[in-house]
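Chemist: Going from the sequence shown to our numbering is simple: count from 1 and add 24.
Yeah, the Cβ is synthetic: ideal placement off N, Cα and C, and Gly gets one too.
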Amino acid sequence: MSADTSAREESTGSTAPPPSPAATYTAQPGRASRRQRSTGAAAGFLGPNLILLGIFLFLPLGWAFLISFQESSGFGASGWVGLENYRRLVTDPTFWQSALNTAAFTLITVPLSLALGLGLAVLMNSVLPGRKLFRTLIYLPMVISGIATALMGVLLFDEATGIINKLLREGGLATVPWQSQGTAAFASIILVTLWIRVGFNMVIYLAGLQGISPELYEAARLEGASSWQQFRYLTVPLVGPSTFFLLIMDVIYSFQVFDTIFVMTGGGPGRSTSVLVTYAYENGFVTRDQSYAAAIGIVIFLVTLVFTAIQWRGNRSRDTVG
Numbered sequence: 025m026s027a028d029t030s031a032r033e034e035s036t037g038s039t040a041p042p043p044s045p046a047a048t049y050t051a052q053p054g055r056a057s058r059r060q061r062s063t064g065a066a067a068g069f070l071g072p073n074l075i076l077l078g079i080f081l082f083l084p085l086g087w088a089f090l091i092s093f094q095e096s097s098g099f100g101a102s103g104w105v106g107l108e109n110y111r112r113l114v115t116d117p118t119f120w121q122s123a124l125n126t127a128a129f130t131l132i133t134v135p136l137s138l139a140l141g142l143g144l145a146v147l148m149n150s151v152l153p154g155r156k157l158f159r160t161l162i163y164l165p166m167v168i169s170g171i172a173t174a175l176m177g178v179l180l181f182d183e184a185t186g187i188i189n190k191l192l193r194e195g196g197l198a199t200v201p202w203q204s205q206g207t208a209a210f211a212s213i214i215l216v217t218l219w220i221r222v223g224f225n226m227v228i229y230l231a232g233l234q235g236i237s238p239e240l241y242e243a244a245r246l247e248g249a250s251s252w253q254q255f256r257y258l259t260v261p262l263v264g265p266s267t268f269f270l271l272i273m274d275v276i277y278s279f280q281v282f283d284t285i286f287v288m289t290g291g292g293p294g295r296s297t298s299v300l301v302t303y304a305y306e307n308g309f310v311t312r313d314q315s316y317a318a319a320i321g322i323v324i325f326l327v328t329l330v331f332t333a334i335q336w337r338g339n340r341s342r343d344t345v346g
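Shown next as C-alpha cells:
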C-alpha cells in the first residue's frame, strides 16, 4: 500500500472501498428525455412495419392454420374436421410426388446458384473490362417480375416455337421435348431459375468480397499460395456469413417457387414438375378445396421453419467454436 493511500485512509478514518461511479450516478432530466425520444423514434419506425406484418403475414398465417382443421370451399367453413386434412396428406400420392419434386428442385438449384453466384462475384471483383455492364446484365432478371422472366423462359424453351429448338433445328440436331417429357421440362425450369437467382447471389457475394482486406491476399501470395489455394482457404471461409444468408434465402425461395413453374409448365407434363406450392394453388383455386390447400401451406411453412432453425443453430455453433 502506498504512502498516499495510507494517508487518505487515515484522513477519512475508514478502510471501505470508494463507491463506484454507477452507484453515485444520478440520471439527469435531459438524459432521460433523450432516452424517451429515442424509444419513441424507434417505435415510430418499427410500428408501421409491425402493423403491416401483423395484417399481411401473421393474421393470414393464423387464419390458414385454423382453416386447415376445417372443411372449407372458400365460402365459409362448413365444419371442424380436426386432423383429417393432414391424414389425407399422408395418403395422397400427388402430395408426395410434389414434395419429392420440391426437394429435388431445392437440392439442385441451391448449390448450383450458390456456386455460380460466388464464381461470378470473384470474376466481377477482378480487373475485367466492362464489368459494370456485365454486373447489370447478370442482375437484370432480379429487377423484373417473375412472370415476365418466366415468359422469357417460354420464348426460349417452347417445344414448337422456342429459340433453343429453332437453333437446334438450324444446326441439324434433334430438338428437345421441353414440354412433353418430364425430365426435359424439369431441366428447363431449373435453368430459368438459375438465370433468375444467380444475379442476386452474385451481388451479395460481391459485397462480401469487397469487405475482405487485400493485405490478406498479398500475404498469401508472398507465402506462395496459388490462386486456387487463395480461393479455397481465404475467399470461401471469409464469405461464410454471405453463404449462410444466401443459403437460407435460396432454400426459402425454392420451397416457395410458383410463378416460373406455373407459367412454363403448369406442373406438367403429368405431375413431373408439380411442386408443393403449385399443388396448393390447384387445390385452393381450381378445385376450391381451400382447407386442404391450407394444410399443404402449413406443411411448407413448418418445413421451411425447421430448416431455417437448424441452419441458424448450426451457424451459431460454428461461430462459437471459431
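Tell me the DSSP secondary structure of Ser-102 in three-state form.
Modeler: DSSP places Ser-102 in strand when its eight states are reduced to three.
Chemist: Would you tell me roughly how many angstroms separate the C-alpha atoms of Asp-28 and Gly-264, rounded to the nearest one?
Modeler: Any reading at Asp-28 must be qualified, since the residue scores a pLDDT of 48, below 50, and its modelled position is unreliable; no value is offered.
Chemist: Is the CB-CB distance between Asp-274 and Val-178 below 8 Å?
Modeler: Cβ distance not < 8 Å, so Asp-274 and Val-178 don't count as in contact.
Chemist: Of the choices Phe-279, Tyr-303, Ala-88 and Ala-319, whose alpha-carbon is the least far from that of Thr-289?
Modeler: Thr-289 has its Cα closest to that of Tyr-303, out of Phe-279, Tyr-303, Ala-88 and Ala-319.
Chemist: Can you tell me which of the three DSSP states Gln-205 falls into?
Modeler: Coil, per DSSP.
Chemist: Leaving out five residues on either side along the sequence, give the residues of the same chain with a beta carbon under 7 Å from the beta carbon of Thr-408.
Modeler: Beyond the ends of the chain as shown, which are 25 and 346, falls residue 408; an answer cannot be given.
Chemist: Grab the span of the beta strand (DSSP E) containing Gln-94 for me, first residue to last.
Modeler: Segment 94-96, the beta strand (DSSP E) holding Gln-94.
Chemist: Using the beta-carbon count (16 or more within 10 Å), is Glu-306 buried or exposed?
Modeler: Answer is buried; the Cβ neighbour count reaches 16.
Chemist: Kindly indicate which residue of Ala-66, Gly-235 and Trp-87 has the alpha-carbon position closest to the one of Ala-317.
Modeler: It is Trp-87 whose Cα lies nearest to the Cα of Ala-317.
Chemist: Quick one: which unbroken alpha helix (DSSP H) runs of 4-plus residues sit fully inside the segment 173-223? Chain order, please.
Modeler: With a minimum length of 4 residues, the continuous alpha helix (DSSP H) runs that stay inside the segment 173-223 are 187-194.
Chemist: Specify the secondary structure class of Phe-282 as computed by DSSP and reduced to three states.
Modeler: The answer is coil: DSSP assigns Phe-282 none of H, G, I, E or B.
Chemist: Let me make sure I understand the geometry here. Which of Lys-156, Glu-183, Leu-164 and Leu-136 has the alpha-carbon closest to that of Pro-201?
Modeler: Of Lys-156, Glu-183, Leu-164 and Leu-136, the residue nearest in Cα terms is Glu-183.
Chemist: Go to Tyr-305, then tell me how far its alpha helix (DSSP H) extends in each direction, as first and last residue.
Modeler: 300-305 is the extent of the alpha helix (DSSP H) around Tyr-305.
Chemist: Go ahead and pull the three-state DSSP assignment for Glu-108.
Modeler: Helix, per DSSP.
Chemist: Within its chain, find whatever has a CB closer than 6 Å to the CB of Gly-103; leave out the 5 residues flanking it on each side and keep chain order.
Modeler: The answer, listed in chain order, is Glu-95.
Chemist: Starting from Arg-245, follow the alpha helix (DSSP H) in both directions and report where the run begins and ends.
Modeler: Arg-245 -> alpha helix (DSSP H) spans 238-246.
Chemist: Taking its Cβ as the centre, do 16 or more other Cβ atoms sit within 10 Å of Ala-123, making it buried, or is it exposed?
Modeler: Under this definition Ala-123 is a buried residue.
Chemist: Distance, Cα to Cα, Val-222 vs Val-299?
Modeler: When rounded, the distance between both Cα atoms is 21 Å.
Chemist: For Arg-337, does the three-state DSSP call read helix, strand or coil?
Modeler: Correct three-state label for Arg-337: helix.
Chemist: Whole angstroms is fine: what's the gap from Leu-197's alpha carbon to Phe-181's?
Modeler: Going from the Cα of Leu-197 to the Cα of Phe-181 covers about 15 Å.
Chemist: For the segment 227-238 against the segment 276-285, do three or more pairs of beta-carbon atoms, one drawn from each stretch, fall closer than 8 Å, so that the two count as touching?
Modeler: Judged by Cβ distances under 8 Å, the segment 227-238 makes no contact with the segment 276-285, as fewer than three pairs qualify.
Chemist: Output the boundary residues of the alpha helix (DSSP H) element that contains Phe-158.
Modeler: That run of the alpha helix (DSSP H) goes 155-167.
Chemist: Could you please give the first and the last residue of the uninterrupted alpha helix (DSSP H) stretch that includes Leu-258?
Modeler: Segment: none, Leu-258 is in no alpha helix (DSSP H) and carries neither H nor E.
Chemist: Go ahead and label Leu-113 buried or exposed: buried means 16 or more other beta carbons lie within 10 angstroms of its beta carbon, across all protein chains shown.
Modeler: That one is buried.
Chemist: Can you give me the start and stop residues for the alpha helix (DSSP H) that Gly-143 sits inside?
Modeler: From DSSP, the alpha helix (DSSP H) with Gly-143 extends over 117-148.
Chemist: For Leu-90, which residues in the same chain have their Cβ closer than 6 Å to its Cβ, ignoring the five residues on either side in sequence?
Modeler: Excluding positions up to five away in sequence, the list is empty.
Chemist: Would a C-beta distance cut-off of 8 Å place Tyr-163 and Ala-319 closer than the cut-off?
Modeler: Against a cut-off of 8 Å, the Cβ pair of Ala-319 and Tyr-163 comes out as no contact.
Chemist: What is the DSSP secondary structure of Gly-86, counted as helix, strand or coil?
Modeler: In this structure, Gly-86 counts as helix in the three-state DSSP scheme.
Chemist: Mapping DSSP to helix, strand and coil, what is Gln-234?
Modeler: DSSP places Gln-234 in coil when its eight states are reduced to three.
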